[in-house]
Amino acid sequence: MRIAIASGKGGTGKTTLAVGLALTADRPLQLLDCDVEEPNCHLFLQPAFHDSRGVGIPIPKVDVSRCTVCGRCGEICQYNAIVALRTRPLVFPELCHGCGGCLRVCPEEAITEAVREIGVVERAQCGSIDFAHGRLRVGEALSPPLIRAVLEIAEDGEGITLIDAPPGTACPVVAALRRADCAVLVTEPTPFGQHDLELAVEVVRKLDLPFGVVINRAGSGDDRVQRYCAAESIPILQEIPDDRRVAECYSRGEVPALALPEQTLRYRELFGRIVELAQRSGSAHLGEGRRA
Amino acid sequence: MKILVTAAGDSLESPVDPRFGRAAHYILIDSRTGEHEVVDNPASTAPQGAGIGAAQRVAELGAEYVLTGHCGPKAFRTLTAAGIKVVVGVEGTVGEAYQRFLEGGLSAAEEADVEGHW
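Those sequence lines, one after another, are chains B and X.
When we follow our numbering, the leftmost residue of the first sequence carries the number 1, and every step to the right adds one.
When we follow our numbering, the leftmost residue of the second sequence carries the number 1001, and every step to the right adds one.
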């Protein structure tokens, strides 16, 4: 079962929640940090990585002696990563999305694939947690291929995989959610929290994913998120009360779910509800054949 | 010879658009006849690589010189590969810029004058 922890708004507590769930779970599980632009689960887990591998995307390599500068590669490229003007083709590898279009349209077969590394996937065992994350190279704009590479580690079957998704509602989030069985959307009870939650809800609905909401720092704002969820029939899986001690823990690099006993209880409750949601959706999926 | 000036509007009285890749319009002036035409810049809304796309467009139009405010490294590389010379730091209206160019008051840049996404 793959459970993605996501949110529209950044800083609502995805990582705190994902790490807290992993550390208080009643069973071994996987935790995959897919926020590859700035992964931070490892700050709390302090893993000793035993495995690291580079991840690349295919980029065009042009055999200049065969190129007739016909320009078709530039016409098909939606990202302006290759152009052929007058005398020679120009490739801008940092703009290439690796779609392979230029290679297919080249009538002279002058283009072959080379690989450009965009980041690494690192893996470690942290107690009972099978942990992995992706680290995108600094300055790199294209994260989905690296996110997909991290997700290749995800188990199939009954074991639980927690996916710490990147913030926002764009391609990186979609890449992280695409192979999930359900999603947990973390928000906070503020106007910004609600606004970005609505965007995240649109995304998970479009992806046809079962989901529930966790309200973090509950009590710090108002009841607008509860009202929104009630109106939309969205289950609220847990409310984690606003507590100064959580911030104090965090500032020391500790995990509130472990350090504060009443938080531990809330995380365990939440874990149970998420597993239930994932199981229900799993059987629903089979019934409706949505995974086909 | 065709000279292309990046323009914020669609006439010779419009100010020079300081951006090359995401310029609102291009005004192409034929120095032989003195006539000009306004052409669109489809790259102005490109998600990425606007300078490269724009340079392709300029090459298709057959311009030999580009007069603009700033030009980033990718656009500069593409324009240079197409044999197009770039004049940066151009200000005032399109018409004024063209006049200054004809009088020899503007010279081509050796390299990009700004980083990408300035």
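Glycine included, each C-beta is placed from N, C-alpha and C at the ideal position.
Just so you know, these numbers come straight off a predicted model, no measurement behind them.
The Cβ atoms of VAL246(B) and PRO256(B) sit closer than 8 angstroms to each other. Interface residue (Cβ-Cβ distance to chain B less than 8 angstroms): LYS1074(X) is classified as such.
Sixteen is the threshold: since fewer than 16 other Cβ atoms of the shown chains lie within 10 Å of the Cβ of SER251(B), the residue is exposed. A direct Cα-to-Cα measurement between SER1014(X) and ALA1007(X) gives close to 6 angstroms. A Cβ of chain X is located within less than 8 angstroms of the beta carbon of THR87(B). Membership of HIS1036(X) in the beta strand (DSSP E) is indicated by the continuous run 1036 to 1040. Annotation for GLU37(B): LEU136, SER143 and PRO166 place their beta carbon closer than 7 angstroms to its own, counting only its chain and skipping 5 residues before and after. Within chain B, the residues LEU90 have their CB atoms less than 7 angstroms from the CB of ARG1077(X), given in chain order. Interface residue (Cβ-Cβ distance to chain X less than 8 angstroms): ASN40(B) is not classified as such. Around the C-beta of GLY1034(X), fewer than 16 other C-beta atoms lie within 10 Å, and the residue is accordingly described as exposed. Straight-line measurement puts the Cα of CYS34(B) at about 12 angstroms from the Cα of ALA180(B). Counting along the chain, CYS102(B) sits inside the alpha helix (DSSP H) bounded by residues 101 to 105. In the DSSP secondary-structure assignment, ILE1003(X) is bridged to ILE1029(X) and TYR1065(X). Judged by DSSP in its simplified three-state form, HIS195(B) adopts helix. Under the 8 angstroms criterion on CB atoms, LEU95(B) is classed as interfacial with respect to chain X. Classified as exposed, MET1001(X) has fewer than 16 neighbouring CB atoms from the shown chains inside 10 Å of its CB.
In the three-state scheme derived from DSSP, where H, G and I count as helix and E and B as strand, GLY74(B) is classed as helix. Taking the beta carbon of VAL83(B) as reference, the chain X residues within 7 angstroms of it are ILE1052, GLN1056 and THR1078, listed in sequence order. The Cβ of GLY1062(X) sits no closer than 8 angstroms to any Cβ of chain B.
Bounds of the beta strand (DSSP E) holding GLN125(B) are 111 to 126. Burial check for HIS97(B): the Cβ neighbour count within 10 Å reaches 16 or more, so the residue is buried. A Cβ-Cβ contact shorter than 8 angstroms links TYR1065(X) with LEU1004(X). Fully enclosed alpha helix (DSSP H) runs of no fewer than 4 residues occupy 41 to 45 of the segment 30 to 65 of chain B, in order along the chain. THR1068(X) is positioned such that its CB atom lies closer than 8 angstroms to that of PHE1020(X). By the CB criterion at 8 angstroms, THR1078(X) and VAL173(B) fall outside the cutoff.
Counting only residues of its own chain and dropping the five nearest sequence neighbours on each side, ALA259(B) has a CB closer than 7 angstroms to the CB of CYS249. As DSSP reads the structure, GLY134(B) sits in a beta bridge with VAL121(B).
GLY168(B) has a beta carbon lying at 8 angstroms or more from every beta carbon in chain X. Taking a 10 Å sphere around the C-beta of THR187(B), we find 16 or more other C-beta atoms and assign the residue as buried. LEU1028(X) is not a Cβ neighbour of ALA1050(X), given a cutoff of 8 angstroms.
The beta carbon of ASN40(B) is closer than 8 angstroms to those of THR15 and ASP33 in its chain, skipping five residues each way along the sequence.
The beta carbon of GLY119(B) is closer than 7 angstroms to those of VAL36, VAL55, GLY134, ARG135, LEU136, ARG137, GLU140 and LEU146 in its chain, skipping five residues each way along the sequence.
The beta carbon of HIS195(B) sits closer than 6 angstroms to none of the beta carbons in its chain outside the five residues before and after it. Per DSSP, the beta-bridge partners of PHE211(B) are ALA183(B). Using a Cβ-Cβ cut-off of 8 angstroms, GLY139(B) does not count as an interface residue toward chain X, since no Cβ of chain X sits closer than that to its own. Contact between LYS1074(X) and ILE1052(X) holds, with the beta-carbon distance rounding to 5 angstroms and staying under 8 angstroms.
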